[in-house]
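Read top to bottom, the protein sequences are chains V and F. Numbers in our numbering are just positions in the first sequence, counted from 1, shifted up by 801. Numbers in our numbering are just positions in the second sequence, counted from 1, shifted up by 801. Structure first, then comments.
There are 2 protein chains.
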Amino acid sequence: MGDEQLHGYRGKLKEALEAAGVGIGDLLRFESGDGSFEGSLMPRVETADDWHVVLKLKSGYNVGIAFGEGAKVVRLGQAEKPEFRPPPLPEVKAGLPKVSIVSTGGTIASRVDYITGGVHAAMSSRDLLSIVPELSDIAAVDADILYSTFSENIDAEQWTGIARRIAEKVKEGAQGVVITHGTDTLGYSSAALSFVLRNLPIPVIFVGSQRSSDRPSSDAATNLLGVVSTAAHAPFAEVVLGMHETTSDTSIVFHWGTKARKLHTSTRYAFQSVNTEPLARYVDGKVEMIAESYRKRGEGELELMDSFESKVALIKFHPGFQPSTIDWYVDDGYKGVILEGTGLGHVSTGLYEALRGAVKAGVVLGMAPQCVWGRIDMDVYSTGRELQEIGVEPLGDMLAETAFVKLRWALANSDDIEEAMELMRRNIAGEYSDRTLYTGRFG
Amino acid sequence: MGDEQLHGYRGKLKEALEAAGVGIGDLLRFESGDGSFEGSLMPRVETADDWHVVLKLKSGYNVGIAFGEGAKVVRLGQAEKPEFRPPPLPEVKAGLPKVSIVSTGGTIASRVDYITGGVHAAMSSRDLLSIVPELSDIAAVDADILYSTFSENIDAEQWTGIARRIAEKVKEGAQGVVITHGTDTLGYSSAALSFVLRNLPIPVIFVGSQRSSDRPSSDAATNLLGVVSTAAHAPFAEVVLGMHETTSDTSIVFHWGTKARKLHTSTRYAFQSVNTEPLARYVDGKVEMIAESYRKRGEGELELMDSFESKVALIKFHPGFQPSTIDWYVDDGYKGVILEGTGLGHVSTGLYEALRGAVKAGVVLGMAPQCVWGRIDMDVYSTGRELQEIGVEPLGDMLAETAFVKLRWALANSDDIEEAMELMRRNIAGEYSDRTLYTGRFG
Chain V
802 MGDEQLHGYR
812 GKLKEALEAA
822 GVGIGDLLRF
832 ESGDGSFEGS
842 LMPRVETADD
852 WHVVLKLKSG
862 YNVGIAFGEG
872 AKVVRLGQAE
882 KPEFRPPPLP
892 EVKAGLPKVS
902 IVSTGGTIAS
912 RVDYITGGVH
922 AAMSSRDLLS
932 IVPELSDIAA
942 VDADILYSTF
952 SENIDAEQWT
962 GIARRIAEKV
972 KEGAQGVVIT
982 HGTDTLGYSS
992 AALSFVLRNL
1002 PIPVIFVGSQ
1012 RSSDRPSSDA
1022 ATNLLGVVST
1032 AAHAPFAEVV
1042 LGMHETTSDT
1052 SIVFHWGTKA
1062 RKLHTSTRYA
1072 FQSVNTEPLA
1082 RYVDGKVEMI
1092 AESYRKRGEG
1102 ELELMDSFES
1112 KVALIKFHPG
1122 FQPSTIDWYV
1132 DDGYKGVILE
1142 GTGLGHVSTG
1152 LYEALRGAVK
1162 AGVVLGMAPQ
1172 CVWGRIDMDV
1182 YSTGRELQEI
1192 GVEPLGDMLA
1202 ETAFVKLRWA
1212 LANSDDIEEA
1222 MELMRRNIAG
1232 EYSDRTLYTG
1242 RFG
Chain F
802 MGDEQLHGYR
812 GKLKEALEAA
822 GVGIGDLLRF
832 ESGDGSFEGS
842 LMPRVETADD
852 WHVVLKLKSG
862 YNVGIAFGEG
872 AKVVRLGQAE
882 KPEFRPPPLP
892 EVKAGLPKVS
902 IVSTGGTIAS
912 RVDYITGGVH
922 AAMSSRDLLS
932 IVPELSDIAA
942 VDADILYSTF
952 SENIDAEQWT
962 GIARRIAEKV
972 KEGAQGVVIT
982 HGTDTLGYSS
992 AALSFVLRNL
1002 PIPVIFVGSQ
1012 RSSDRPSSDA
1022 ATNLLGVVST
1032 AAHAPFAEVV
1042 LGMHETTSDT
1052 SIVFHWGTKA
1062 RKLHTSTRYA
1072 FQSVNTEPLA
1082 RYVDGKVEMI
1092 AESYRKRGEG
1102 ELELMDSFES
1112 KVALIKFHPG
1122 FQPSTIDWYV
1132 DDGYKGVILE
1142 GTGLGHVSTG
1152 LYEALRGAVK
1162 AGVVLGMAPQ
1172 CVWGRIDMDV
1182 YSTGRELQEI
1192 GVEPLGDMLA
1202 ETAFVKLRWA
1212 LANSDDIEEA
1222 MELMRRNIAG
1232 EYSDRTLYTG
1242 RFG
């Protein structure tokens, strides 16, 4: 057996599989303290441990079984290799709303190759409709591959590219646009497009998935069905991010593009709205609005403000953070820095001098919370007041990631620092939550 | 009226107060659509808005009242200035367990000066017992001021200083040590001491508060009572962080020192355990253990491994992150970098070359999640596998902040990179959670 044929297996388990003469796709019986399972051996693709064997059972389910003391592997023969053969494309039904799907890559646009174990980051319109044929009952779907990349490689160039493709789709009469995108930087991109797309007439929905579409636990199909239906029928014309609301498949939740953060590395409901309620959810085949106030679908003329400054950094403060690091950013020509401060918006006093130098050099400095939740308040402690005197702008309850994206956008779409600061302070796409008014007990 | 006497007031509200001839400490009547309130004017110290007037009512409570259209201010005279006069120290009762409180500063060790509005970051043993006299019923308390600083200024020098003071207290027979500390970097410090204090015989409890001790909503007294009682009686000998479990005063929860993160800028239960359950809670005057496995109180001889490398950085990856930034850290002589990657532990391929250069220069690279929750898994996608080939070490479910502190510790307490990496991989103070074993459905 070649290594390639035991893709993903390591250590003692791999030795046992080799000893039994078993390769990927072979039928085998696995006996352990937990019982006996028959199935075909699958490649390992999504876990870090080396003590689970993955079998595809006759029922079609994949199971992972722990390989412990006393476990035995018996080769039974060669199983039918799993194959991916798309059914013929469904017919386009007349009279359905037109929804455009623009693929940029990521897990939702991927499938596992069972021979190499690799995850392919590409999916055509044909693939999509063959995996989720129900889409053709919901909308007249067209699907393009714009990019085919893992989202950790997406930057301003792609944000601009996505914006221009959306503008084309709007011009062609799309009643909603869905952007499939890797989840790693999905929140950064949804924030970016929230600022770029001015006077938006239709819903623009970013969607990803945490498990590839050929896994029984995949969220790709339910996420796609929910977002395409919502793109076709929802009353809002906002940039949102749609993903599983809980572990259950029954509800897809739509976060404001500027308020969503990936908060778990692997669960299907990894994205959560921070400091605000989501905009809407899709449940029982219907869109339920949660927010009371939002931009309505309309006939407006879409405008793009689609440039981004590249010399902007997001810097997380930590104990022992050296002022020379700030100096380097200034010397390297950075035009803006979002500081992720501690607590209500603090950094050590040892950085004051370097920050003064940055301000003097014309670098815009904004403060966002490393706490994730809550609001920056630089009026409480002397540190915050001193940082404001130096020129650090408190950015309320904006997510640090959104603040970073917004500063790149504000600097590229203004003539001077004052105008950029004015954009930073204005609530443009729901990035600031309403302040909670109270007249009762204080504190 | 001088500015100082209207400390914290701004805009229209300040103008109205000036027009009425009212200063801090004056008795006034405030009339608005919500009713009429009489009280003495308090300085503003803890809110970012400029439309609330803060009054101390006769009942002693402070209220914040919105200043809106049509509101009126009438000066009634001069109120008695609030004063802080400590009662005599309670007697030390015989036979109680000895608990040492070491103060490093922060809100828990502060009180507001009602004349200047400033928050004073210092509290003596006398202050402490006069604010929370019940402490003397729980334990024979001694309290030292070790530092008097906001925690954003605490770094390795203070971590070492705290460790040495704890060692003295242990030698003097303390049955528990409580460290009061600002909440901003409380999680970094509790992680640091978790690695420093080897063979610990007693509980060491970090505690902070989110509201200063003279505010009706302060968590300072309940937190102190809970942690002192726990330090005196708990069965564990671990470094923990004790704070409010919920908004309610009824329960103080003890997070593992390496697993706690400040996740809200201002709530009293801002700290949460990430990827694991807390160790214990204090409720109804008793310590309830949550964890099944922990280090027991004992007679061991405390050892300190109390040095930290200063040339270590925590770098949060973001879209558009430039490779030249990595190059600068290498050129500046950094010995270690924790990357806060996206998703399962990724950065853009554009950084590969710079990371290869860092590894070649002997810089230790570790990967932690910017998602906060979940586990790094660099075996799933090609990006993760490629980063591992370059030499980036996946750090499981360790918090990024803990990984950063641990790398500073590991590099200072080992002879070479291999030994440091071995320390990084070993579970030393609960920083890695146990893997979840399962034998059922896969995915």
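For each residue, glycine too, the CB sits at the ideal point set by N, CA and C.
Can you give me the start and stop residues for the beta strand (DSSP E) that residue i sits inside?
i, result
"glutamine 1073 (chain F)", "1072 to 1074"
"serine 833 (chain V)", "827 to 833"
"histidine 1045 (chain V)", "1040 to 1045"
Would you verify that the beta carbon of residue i is, or is not, closer than 8 Å to some beta carbon of chain F?
i, result
"valine 997 (chain V)", "no"
"aspartate 956 (chain V)", "yes"
"threonine 917 (chain V)", "Below a pLDDT of 50, predicted positions are generally treated as unreliable, and threonine 917 (chain V), at 41, falls in that range; the measurement from the model is reported next regardless. Threonine 917 (chain V) does not count as touching chain F."
"serine 991 (chain V)", "no"
"valine 1131 (chain V)", "no"
"glutamate 953 (chain V)", "yes"
"phenylalanine 1205 (chain V)", "yes"
"arginine 1176 (chain V)", "yes"
"lysine 1136 (chain V)", "no"
"tyrosine 1153 (chain V)", "no"
"threonine 984 (chain V)", "yes"
"threonine 1059 (chain V)", "no"
If you draw a straight line from the alpha carbon of residue i to that of residue j, how long is it in whole angstroms?
i, j, result
"threonine 1066 (chain V)", "alanine 1022 (chain F)", "37 Å"
"glutamine 1073 (chain F)", "glutamate 1110 (chain F)", "27 Å"
"lysine 1097 (chain F)", "methionine 843 (chain V)", "45 Å"
"alanine 867 (chain V)", "aspartate 1180 (chain F)", "18 Å"
"serine 837 (chain V)", "histidine 982 (chain V)", "40 Å"
"alanine 1035 (chain V)", "serine 1094 (chain F)", "51 Å"
"lysine 857 (chain F)", "glycine 840 (chain F)", "5 Å"
"isoleucine 1177 (chain F)", "proline 1195 (chain F)", "6 Å"
"alanine 993 (chain V)", "tyrosine 948 (chain V)", "17 Å"
"alanine 941 (chain V)", "lysine 899 (chain V)", "5 Å"
"alanine 1221 (chain F)", "phenylalanine 1205 (chain F)", "13 Å"
"tyrosine 810 (chain V)", "glycine 826 (chain V)", "14 Å"
"alanine 1213 (chain V)", "lysine 1117 (chain V)", "23 Å"
Taking 8 Å as the threshold (C-beta atoms), are residue j and residue i in contact?
i, j, result
"threonine 908 (chain F)", "arginine 1012 (chain F)", "yes"
"arginine 965 (chain F)", "valine 903 (chain F)", "no"
"methionine 1090 (chain V)", "valine 997 (chain V)", "no"
"glutamate 1104 (chain F)", "tyrosine 1153 (chain F)", "no"
"serine 1254 (chain V)", "serine 1030 (chain V)", "Residue 1254 (chain V) is absent from the structure shown; chain V starts at 802 and stops at 1244."
"serine 1142 (chain F)", "proline 1124 (chain F)", "Per the sequence shown, the amino acid found at residue 1142 (chain F) is glycine instead of serine. Result no, Cβ atoms of glycine 1142 (chain F) and proline 1124 (chain F) do not sit closer than 8 Å."
"isoleucine 963 (chain V)", "isoleucine 980 (chain V)", "yes"
"alanine 1061 (chain F)", "glycine 988 (chain F)", "yes"
"valine 1040 (chain V)", "glycine 1027 (chain V)", "no"
"valine 1165 (chain F)", "isoleucine 1218 (chain F)", "yes"
Verify the CB distance criterion: does residue i have a CB-CB separation below 8 Å to chain V?
i, result
"serine 901 (chain F)", "no"
"valine 1148 (chain F)", "yes"
"lysine 815 (chain F)", "no"
"valine 1173 (chain F)", "yes"
"alanine 1071 (chain F)", "yes"
"glycine 1192 (chain F)", "no"
"leucine 818 (chain F)", "no"
"leucine 1119 (chain F)", "According to the sequence provided, residue 1119 (chain F) is histidine. The question's leucine does not apply to it. At least one chain V Cβ lies under 8 Å of histidine 1119 (chain F)."
Should residue i be labelled buried (16 or more other beta-carbon atoms within 10 Å of its own) or exposed?
i, result
"leucine 1156 (chain V)", "buried"
"lysine 894 (chain F)", "exposed"
"arginine 1069 (chain V)", "buried"
"alanine 1230 (chain V)", "buried"
"lysine 873 (chain V)", "exposed"
"alanine 820 (chain F)", "exposed"
"valine 933 (chain F)", "buried"
Just to confirm the assignment, what range does the alpha helix (DSSP H) spanning residue i have?
i, result
"lysine 970 (chain F)", "957 to 972"
"methionine 1222 (chain F)", "1218 to 1226"
"threonine 1184 (chain F)", "1183 to 1191"
"glutamate 816 (chain V)", "812 to 820"
State yes or no: is the C-beta of residue i nearer than 7 Å to some heavy atom of the ligand PLP?
i, result
"serine 949 (chain F)", "As far as ligands go, the structure on display features none, and thus does not contain the ligand PLP."
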